[in-house]
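K.L.:
Attaching a single structure in C-alpha cells format; questions to follow.
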Amino acid sequence: MTARDNPFATDRAERLLRFRSEWIGSSMSELTSRWEKLHRRAAITGRHGAGKSTLLDSWATHLGVQNQPVTRLFLNRDTRTLTPDQWHAIEDCHGKTILLDGEGHLSWKERRKVHQLSQNAAGLLVTRHKKGSLPILCHLNPDIEILHRCVRKLAPEEYPSLAPNFPRWWKQHRGNIRDILLECYDSITRCHMQ
Numbered sequence: 001m002t003a004r005d006n007p008f009a010t011d012r013a014e015r016l017l018r019f020r021s022e023w024i025g026s027s028m029s030e031l032t033s034r035w036e037k038l039h040r041r042a043a044i045t046g047r048h049g050a051g052k053s054t055l056l057d058s059w060a061t062h063l064g065v066q067n068q069p070v071t072r073l074f075l076n077r078d079t080r081t082l083t084p085d086q087w088h089a090i091e092d093c094h095g096k097t098i099l100l101d102g103e104g105h106l107s108w109k110e111r112r113k114v115h116q117l118s119q120n121a122a123g124l125l126v127t128r129h130k131k132g133s134l135p136i137l138c139h140l141n142p143d144i145e146i147l148h149r150c151v152r153k154l155a156p157e158e159y160p161s162l163a164p165n166f167p168r169w170w171k172q173h174r175g176n177i178r179d180i181l182l183e184c185y186d187s188i189t190r191c192h193m194q
C-alpha cells in the first residue's frame, strides 16, 4: 500500500473529517449565537489533538460562506511567534475576522498586543490549550466514541482490526485523536507490508 492509498493519510483525513458540532452536543447556529453574545471575541480550548484546529477550519468555511473576510494565523511548538507580515495583517484587520490557531504559544506581552491590535477586527477567535483572557466559545474534550466515529468514517473496512487497539492508544496518547490516527496509519501500513 502506498502512502497516498492509506486511508489515514493526513490530507485524506483532513478532507474527510470535518468538525461536527453535534459531537460536542451543540450546533453551528448555537455556537454562532454564543460567538455573537461574546462580541465575536473568544477562544476555543482543549488538549492537544482535541479538534481545535478542525473547528477553526470549519469556522473559516462558515464565515467564508457568509462572505466575511478572514485572516488566518497559525502557531505551534516550532513557530511560537508571529512574523512581521502577520503582525501587519493584524494591524490591517478592519472588517476581517482573525482566526489565530495556537494563541497560547505567544508570550503574555504578544497576546496582549494581538488583543489590542485586533480591536477594529470584525472578530477574534483563537485556539489554546487552557483558559486565557478571552471568554471561552467552547471547550473540546473528545471521548473515545469520537475516535470510533472517525475511524469508521475514514476506513470502515479496517475498523474491526483497529478498534481493539483504541483503549490502549487512547491511554498512551492521552486522548489525542490526531496522534491515534497516525497510529492507525502505521498499523495499516505494517499490516499491508506483511
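For what it's worth, UniProt numbering labels the leading residue of the sequence shown as 1, then goes sequentially.
Ideal Cβ positions, reconstructed from N, Cα and C, are used throughout, including at glycine.
To the nearest angstrom, how far is it from the Cα of alanine 163 to the Cα of asparagine 6?
P.N.:
One C-alpha to the other measures close to 17 Å.
K.L.:
Check whether the Cβ atoms of glycine 49 and asparagine 141 sit closer than 9 Å, and answer yes or no.
P.N.:
Cβ atoms of glycine 49 and asparagine 141: not closer than 9 Å.
K.L.:
Could you give the first and the last residue of the continuous alpha helix (DSSP H) run that contains threonine 189?
P.N.:
177–193 is the span of the alpha helix (DSSP H), which, as asked, contains threonine 189.
K.L.:
Pull up the CB-CB distance for leucine 75 and histidine 105, whole angstroms please, since I reckon it's below 8 Å.
P.N.:
Contact holds; Cβ gap of about 4 Å.
K.L.:
Taking valine 70 as the reference, which of Ala121, Leu181 and Gly51 has the closest Cα?
P.N.:
The shortest C-alpha separation from valine 70 is found at Ala121.
K.L.:
From the DSSP output, which residues share a beta bridge with leucine 49?
P.N.:
Correcting the residue type first, residue 49 is glycine in the shown sequence and not leucine. DSSP output for glycine 49 lists no bridge partner at all.
K.L.:
Tell me, which residues are paired with valine 70 by DSSP?
P.N.:
Note: valine 70 sits in a beta bridge opposite Thr97.
K.L.:
Would you tell me roughly how many angstroms separate the C-alpha atoms of histidine 148 and isoleucine 188, rounded to the nearest one?
P.N.:
Histidine 148 and isoleucine 188: Cα-Cα distance of roughly 16 Å.
K.L.:
Just checking my contact of arginine 77 with leucine 99 at CB under 8 Å: how many whole Å lie between their CB atoms?
P.N.:
Rounded, the Cβ-Cβ distance is 19 Å, inconsistent with contact.
K.L.:
What's the call for asparagine 67, buried or exposed, on a 16-neighbour Cβ count within 10 Å?
P.N.:
Exposed, since its Cβ has fewer than 16 Cβ neighbours within 10 Å.
K.L.:
Is alanine 43 helix, strand or coil when you go by DSSP?
P.N.:
In the structure shown, alanine 43 sits in a strand (DSSP, three-state: E or B).
K.L.:
I'd like to know whether the C-beta atoms of cysteine 138 and leucine 55 end up nearer to each other than 9 Å.
P.N.:
Cβ atoms of cysteine 138 and leucine 55: closer than 9 Å.
K.L.:
DSSP three-state call for leucine 137: helix, strand or coil?
P.N.:
In the structure shown, leucine 137 sits in a strand (DSSP, three-state: E or B).
K.L.:
Under 9 Å between the Cβ atoms of threonine 127 and arginine 40?
P.N.:
Cβ distance not < 9 Å, so threonine 127 and arginine 40 don't count as in contact.
K.L.:
For phenylalanine 19, I'd like the list of residues in its chain whose CB is within less than 6 Å of its CB, leaving aside the five on either flank, ordered along the chain.
P.N.:
Once the five neighbours on either side are set aside, the close Cβ partners of phenylalanine 19 are Thr54, Leu55 and Ser58.
K.L.:
Between the stretch 150–162 and the stretch 173–190, do three or more beta carbon pairs fall short of 8 Å?
P.N.:
Counting Cβ pairs under 8 Å, three or more are found: they touch.
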